[in-house]
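Residue numbers (the working numbering): 100 to 187. Quick reminder that beta carbons are idealized off the backbone N, C-alpha and C, glycines included. Everything numeric in this text was worked out from a predicted model, so none of it was measured. For reference, the structure is listed below as structure tokens.
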């Protein structure tokens, strides 16, 4: 999403909706990290993303980039080994 002059909106994450799947890259002391998951909260100063490891609060001051992403791919069904025959 862009403004009329082609620039991104000032707070693009405010366009996201709770429940959408997003990825947010943010600064941490030793570099960068990514939060991938369901958007749990949206605020002008932060977002909260529900990741596999639990909720991650990302302050706006640490955000580098972010976007909506499609749902995770479906995993093929696991094949189960055949059950052994019961003893006679």
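The alpha-carbon separation between residue 166 and residue 157 amounts to approximately 14 angstroms. Checking the DSSP bridge columns, you'll see residue 158 partnered with 145. Residue 121 holds the alpha-carbon nearest to the alpha-carbon of residue 150 among 121, 185 and 184. Annotation for residue 121: the continuous beta strand (DSSP E) segment containing it runs 120-127. Nearest neighbour of residue 133 by Cα position, chosen from 171, 143, 170 and 155, turns out to be 155.
For residue 113, the secondary structure class from DSSP, reduced to helix, strand or coil, is helix. Contact between residue 161 and residue 126 holds: CB atoms are separated by about 5 angstroms, below the 8 angstroms threshold.
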